[in-house]
Structures are given as structure tokens and as C-alpha cells.
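Down below is the structure, laid out as C-alpha cells.
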Amino acid sequence: MSHTPNVAGLPKAELHVHIEGTLEPEMVFALAERNGIAPPAPTVAELRARYRFRDLQSFLDIYYANMAVLRTERDFHDLAAAYLARCRDQGVRHAEIFFDPQAHLARGVEMGTVVRGLAAALEAARTDEFSAELIMCFLRDQSAESAAETLRLAEPFLDRIVGVGLDSAEVGHPPSKFAEVFRRAHALGLRAVAHAGEEGPPEYVREALDVLGVQRIDHGVRALEDPALVARLRTERIPLTVCPLSNVRLAVVPEIAAHPLSRMLAEGLVVTVNSDDPAYFGGYVAQNFAAVRDGLGLSTNDLRRLAANSFEAAFLGDERRAQLL
Ligand code: ES4
Ligand code: ZN
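Heads up, the sequence shown is in our numbering, so the first residue is 97 and it goes up one at a time.
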């Protein structure tokens, strides 16, 4: 007996999910076969057994290697369609989905192949009760020039991209490295977000806000180390898209029971709960809600607050937001 609400039934928006991070091992093998490519491991079980990560980089190495099976517009469509099909069971009414074009361009897969495939799946999934958008991420461990070139390549497709983001290996790659490309993105009318304060210091969160002009921070858990920054995030109602299972699997926090989400809620921050790379980290967004409900003992009110925050933080017009709620 419990008062644990049905977290899967709680209507929510998912704002931090990498579409390449929804590539399940079974789909890696199916796409390898379809494309005549050698799979990255002898069996699905052996591939999954490698998903024990020390830190962000040890995860990224496998994440980028597995993407090699994504080659055609149909592959990108099928990847997104599989994630969107799961949104129904997860209570997700709106999803803002990251993709990493540089990881595909490097393998000779064109921007149009990626965007057309993903966008077709999103368009087909749109109803009065569900919508989804694409956020194009720059890889921060590649050069600023490469990011600028990526944005140029995306210009013909900006009707299908709501914003830009910044992801991949954080430490040593501060947001300020990408000031120019984010300026250009703003000029093109795009929204902006950035991963910051996952492994990197609170200073990177400040830079993302002040130099890149982002409207949300992805992760941001290390912002708690800086009380003045916490006060600013609260006052300005800057959303933080937190990913609890990801943080545990990448050793950003030692265990769910030690996750700072409770403190973030208590501080009055606009925090949301998200899945990040669900095929790698042990669960989609409802499993992340269940993990913090059980591991942190969150109240029904806390869970409702997290869901309400997700709609507040979403890049939705007021009319559409009211329709989805
Ligand atoms: C990511 Cl967990 C995480 N952090 C930074 N970049 C990423 N790309 C995909 N998952
Ligand atoms: Zn992420």
C-alpha cells in the first residue's frame, strides 16, 4: 500500500533526451543487418553488458560507436518513431528532442538525411494531445568552426528545428568557446539551451547564461555548489533539465538516494525530470520519475511540481501549452 502516484500517467513534457541515446541494442543489431554493417558486439546481451560507465567520456565512446548503424533517412525516421511510440506509455505529451548532426556528418551522412528522417517521424506523431520538436546540438569537444559549419548546413531545414544545444564532453570545453555560433543561432530566431554543470563547474552554467544566452540549462546539478548562482536561477526562473538515472550511471552522483533533486526542489528551482539517453541508463522518463519518487521519497506534490515545471520550461506557445495540459 502506498500513496505513490502513477508516474507514467502523470502528463509531462520531456525536454532532455538525445535521440541517438534512445537507440536500443536490439535496434543497433536490426539496423546493422539492414545496412550490411558489422554490429559492434557479437550479441545484444554482450553489447548491453558493456553499458557500465565510469564517467561521461566512457559512455560517449560507446554512444558514438553504436551510431555507426544509422545511415539512411529511414533509419533516422525509425529511431524517432520508436521513441515517440514509447511517449504514450510514459505520459509524455510534448518532447523536445536533441540530435547530434556532427556525429553523422563525420561518417558521411548528410544533414538532410538526418533532419528529414527525424522530422517526418515527429510530424506523423503530432496530434491535439501530443507534439515534438527538434533541438540541434553542437559537439563541444569539436571546434567552434565545425559548429558554425553545422549551423550553416542546417539553414535549409530551420523550419524543422526549434533551437540549438551544446553537448558531449564538458570539462575543458567551456560554453564561451561557442559564443559566435550561438549569436548566429539567436539571429536566425532559434531558441538556445546548453548542457552545463553536469561534470563541469558552476562557472560553465554562468557562461551558458551570460555568453550563450540560453533559456534553459541541461543538467545544472553542480550549480548547487554556488549559492549566488542558485539564487539567480530561482529569481530568473531558469529551468534545469535534470536526468537522475543518467547522473547515477555516469557517477555524477553516487546513488539515487544522494541525488540533489530534493534540494533543488526545496530551493524553489524550476527543475524537470528527464531520461537523457534512456537506452543506456536504465529507463525512460517515467522510470526516472519512479526512481526519484522511491529513492528520494518525493511527495505527490513534488511530482506534480516536476510535471508542471516541464510544461513551464517547454518551448510552447501559451495556447498550445493550455491544450496539452
Ligand atoms: C550526453 Cl549524458 C550526456 N552529456 C553530455 N553529452 C551527451 N550526449 C549524449 N548524452
Ligand atoms: Zn544530455
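Backbone N, C-alpha and C define an ideal beta-carbon position, used for all residues, glycine too. Just so you know, these numbers come straight off a predicted model, no measurement behind them.
Classify residue i as helix, strand or coil using the three-state DSSP reduction.
i      : result
Glu408 : helix
Cys233 : strand
Leu336 : strand
Arg401 : helix
Ser264 : coil
Ser98  : With a pLDDT of 48 at Ser98, under the threshold of 50, the modelled position of that residue is not reliable, and no figure is offered here.
Leu111 : strand
Ala347 : coil
Ala228 : strand
Thr331 : helix
Thr209 : helix
Ala75  : Outside the shown range of the chain, which is 97 to 421, sits residue 75, and nothing can be said about it.
Phe149 : coil
Ala178 : helix
Asp185 : helix
Pro135 : coil
Asp171 : helix
Ala130 : In the sequence on display, residue 130 carries Arg and not Ala. In the structure shown, Arg130 sits in a helix (DSSP, three-state: H, G or I).
Arg318 : helix
Take the Cβ of residue i as the centre, count every other Cβ of all protein chains shown within 10 Å, and call the residue buried at 16 or more, exposed below.
i      : result
Leu209 : Note on residue identity: the sequence assigns Thr, not Leu, to residue 209. Thr209 is buried by the Cβ-count criterion.
Ala375 : buried
Ala353 : exposed
Leu284 : exposed
Gly426 : Since the first residue shown for the chain is 97 and the last is 421, residue 426 is missing from the structure and cannot be characterised.
Pro121 : buried
Leu421 : exposed
Ser239 : exposed
Pro350 : exposed
Thr331 : exposed
Arg167 : buried
Glu229 : buried
Met97  : Low per-residue confidence applies at Met97: pLDDT is 38, beneath 50, and the placement is therefore not dependable enough to give any value.
Gly393 : exposed
Asn397 : exposed
Thr246 : buried
Arg333 : exposed
Gly93  : Within the shown structure, residues of the chain are numbered from 97 to 421, placing residue 93 beyond reach of any answer.
Gly132 : exposed
Gln198 : buried
Ser435 : Nothing in the structure corresponds to residue 435, since the chain is present only between 97 and 421.
Leu308 : buried
Asp185 : exposed
Gly213 : buried
Please check the pair residue i and residue j, which I expect to be a contact at CB under 8 Å, by giving their CB distance rounded to whole angstroms.
i      : j      : result
Val369 : Val338 : 6 Å
Ala319 : Pro340 : That belief does not hold up - the Cβ atoms of Ala319 and Pro340 are roughly 16 Å apart, past 8 Å.
Pro101 : Leu399 : 6 Å
Lys273 : Arg236 : 7 Å
Val289 : Val310 : 5 Å
Ala382 : Gly187 : 6 Å
Cys233 : Phe194 : 5 Å
Glu266 : Leu143 : Between Leu143 and Glu266 the Cβ distance is about 26 Å, and since that is not below 8 Å, they are no contact.
Quick one: give me the first and last residue of the beta strand (DSSP E) that residue i is part of.
i      : result
Arg189 : 188-195
Arg312 : 312-315
Please list the terminal residues of the continuous alpha helix (DSSP H) segment that includes residue i.
i      : result
Ile158 : 152-162
Ala202 : Careful: Ala202 lies outside any alpha helix (DSSP H) and carries neither H nor E.
Leu357 : 357-362
Leu420 : 414-420
Glu120 : Where Glu120 is concerned, there is no enclosing alpha helix (DSSP H), given that its DSSP letter is neither H nor E.
Ala141 : 140-145
Quick check: is any heavy atom of the ligand ADP less than 8 Å from the C-beta of residue i?
i      : result
Leu166 : Because the ligand ADP does not appear in the structure shown, any question about it cannot be addressed here, the ligands present being the ligand ES4 and the ligand ZN.
Output the residue ranges of the alpha helix (DSSP H) runs that lie fully inside the segment 365-396 and measure 4 residues or longer, sorted by chain position.
374-377, 381-392
Can you check the segment 245-308 for any beta strand (DSSP E) of at least 3 residues that lies completely inside it and give the ranges in chain order?
259-263, 287-292
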